[in-house]
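Right, one structure below, let's go through it.
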Amino acid sequence: MKVIIPVAGAGMRLRPHTHTQPKTLVPIAGKPILAHIIDDLHNTGFEQFVFVLGYLGDKVEEFIKNHYQNQIQAEFVYQEPREGSAHALWIAKHTYEKENEILIVLGDTIAILDYSKLLKNKHSIICVQKVSNPTQFGIAQIGKKGEVISLVEKPKIPKSNWAIVGVYKIKNIPLFLQSIEQLFERKQKNQNEYYLTDAIMNMIEAGETILTMPVTHWYDCGKRETLLEANAILLNKPEFQNYQNLQFPESVIIPPVSIGKNCIIKGSIIGPNVAIGEESILENSIVKNSIIGSYSEITNILLQNSIIGNDSSVKGENYVLNIGDNAEINL
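According to this note's numbering, the residues represented by the sequence shown are 984 to 1314, in order.
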């Protein structure tokens, strides 16, 4: 089965980091968002991938060719102009229109699920997870048998709290493409985009049965707060639990952390929930709940709940104090 991964968006909510790199290459827990997605799928057995590129797409293509050249079969399609997720799938139709079924995984979300269960089901599937703030997501109204009744993007009055997590299995490819084409014919745009959820609703209205499947975990990486939350959760995975090999005798490392190759850390306290890219330098600093890019320099500062890009420098000040009795200083 082919996996279609749309990664054309500009990632406006992650500015300023997406000024210079696509959202899907923003690092989280030691590697780009896209690498987490590809690795999970490849480890499950998927080998054929189609990437729909747009904003800074050459960087995404270069990353995939450099890191996955001998591991996956990759096709690249450029989406210009960028008119939404359904339009992205339409632009790439020549890569999958003869397939019996496809898997669609949005390139800015990490979902953990039972793919064997997903593949065995004879129906199309939309993956979902319960959320406490349904007005912020695409929402699925679900029937008693797990079937989709309706899909609505960011409803003002939600009819359920089942969020669409960005993983779809589509079985009826001809009807799927026909449903997208109907969006164009009707000029059925939502916030000036053609939404994948609207195309799937056209399929349901045509009589197609589409079921839902809850995921085990879902990490929304679309904005700073959720990116840091996902970073903390992913750092607690087993591969980050071995800290004995971290050799920074002048510093304190509080797990979980991910520290890239050739980093220099002196006189600092690092962690918990910190991911640092390769070749970075941290001196006399305290860093927690943060992501630090590669080739960056952090000196004399307290950082928390922060994201620092690649090749950046953040420097604070040193103070020498001689304080008498009954004094109060707020620096």
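Positions of the beta carbon are idealized from the N, C-alpha and C atoms, including for glycine.
(message) Rounded to whole angstroms, what is the Cα-Cα separation between I1382 and N1053?
(response) What the structure shows of the chain is the stretch from 984 to 1314, and residue 1382 is not part of that stretch, so it cannot be assessed.
(request) On a CA-only basis, which of I988, S1133, E1300 and T1209 is nearest N1288? Give me that one, please. (result) For the purposes of this step, residue 1288 is taken as residue 305 along the sequence shown, with counting starting at 1. The shortest Cα separation from N1288 among I988, S1133, E1300 and T1209 belongs to T1209.
(message) By the three-class DSSP mapping on this structure, what secondary structure does T1092 have?
(response) What you label residue 1092 is simply residue 109 of the sequence shown in a count that begins at 1. If DSSP states are grouped into helix, strand and coil, T1092 belongs with the strands.
(request) Take S1277 and list the residues in its own chain whose beta-carbon comes closer than 7 Å to its own, dropping the five residues that flank it on each side. (result) Start at 1 with the first residue of the sequence shown, and residue 1277 comes out as number 294. These residues qualify, in order along the chain: G1243, G1260, E1261, E1262, S1263 and N1293.
(message) Are the CB atoms of I1016 and I1093 within a distance shorter than 8 Å?
(response) Here residue 1093 corresponds to residue number 110 of the sequence shown, with the count starting at 1. Here residue 1016 corresponds to residue number 33 of the sequence shown, with the count starting at 1. Contact: yes.
(message) In the DSSP assignment, the beta strand (DSSP E) including P989 goes from what residue to what residue?
(response) Taking the sequence shown and counting its residues from 1, one reaches residue 989 at position 6. First-last of the beta strand (DSSP E) with P989: K985 to V990.
(request) Report buried or exposed for Q1227, applying the criterion of at least 16 other Cβ atoms within 10 angstroms of its Cβ. (result) Position 244 of the sequence shown, counting from 1, holds the residue named residue 1227. Bear in mind that the predicted position of Q1227 carries a pLDDT of just 49, short of 50, making it too unreliable to give a figure here.
(request) Identify, in the order they occur along the chain, each residue of the same chain with its Cβ nearer than 7 Å to the Cβ of K1154, setting aside the five sequence neighbours on each side. (result) Here residue 1154 corresponds to residue number 171 of the sequence shown, with the count starting at 1. Excluding positions up to five away in sequence, the list reads E1084, H1106 and S1107.
(message) Please report the straight-line C-alpha distance between E1063 and K1137, rounded to a whole angstrom.
(response) Your numbering for residue 1063 matches position 80 in the sequence shown. Your numbering for residue 1137 matches position 154 in the sequence shown. Looking at the two C-alpha atoms, the distance is approximately 25 Å.
(message) Let's test the definition: count the other Cβ atoms within 10 Å of the Cβ of S1068 and tell me whether it reaches 16, buried, or not, exposed.
(response) Looking up residue 1068 in the sequence shown gives position 85. Here S1068 is buried. Its C-beta has 16 or more other C-beta atoms within 10 Å.
(request) Figure out for me which residue from I1290, I1163, E1188 and N1175 has the closest Cα to the Cα of C1204. (result) As a first step, residue 1204 must be located in the sequence shown, where it is residue number 221. Of I1290, I1163, E1188 and N1175, the residue nearest in Cα terms is I1290.
(request) Just tell me which of N1245, S1279, L1285 and E1280 has its CA closest to the CA of G1254. (result) Within the sequence shown, residue 1254 is the residue found at index 271, counting from 1. When only C-alpha atoms are compared, the closest one is L1285.
(request) Hey, could you find the ends of the alpha helix (DSSP H) Y1061 is sitting in? (result) Residue mapping note: residue 1061 aligns to position 78 of the sequence shown, counting from 1. Not the alpha helix (DSSP H): Y1061 falls in the beta strand (DSSP E), residues Q1056 to Y1061.
(request) Consult DSSP for S1263 and reduce its assignment to one of helix, strand or coil. (result) Position 280 of the sequence shown holds residue 1263. Here S1263 sits in coil by DSSP.
(message) Taking the beta carbon of H1019 as the centre, do at least 16 other beta carbons fall within 10 Å, making it buried, or is it exposed?
(response) Numbered from 1 along the sequence shown, position 36 holds the residue referred to as residue 1019. By the 10 Å Cβ count, H1019 comes out buried.
(request) Please state whether DSSP places K1244 in a helix, a strand or coil. (result) The sequence position of residue 1244 within the sequence shown is 261, counting from 1. DSSP places K1244 in coil when its eight states are reduced to three.
(request) Give me the Cα-Cα distance between G1190 and C1246, rounded to the nearest whole angstrom. (result) Here residue 1190 is taken as the residue at index 207 of the sequence shown, counted from 1. Here residue 1246 is taken as the residue at index 263 of the sequence shown, counted from 1. Spanning the two alpha carbons is a distance of roughly 57 Å.
(request) For L1179, collect the residues of the same chain with a Cβ closer than 6 Å to its Cβ; drop the 5 residues on either side in sequence, then sort them by chain order. (result) The sequence position of residue 1179 within the sequence shown is 196, counting from 1. Contacts found: S1068 and A1069.
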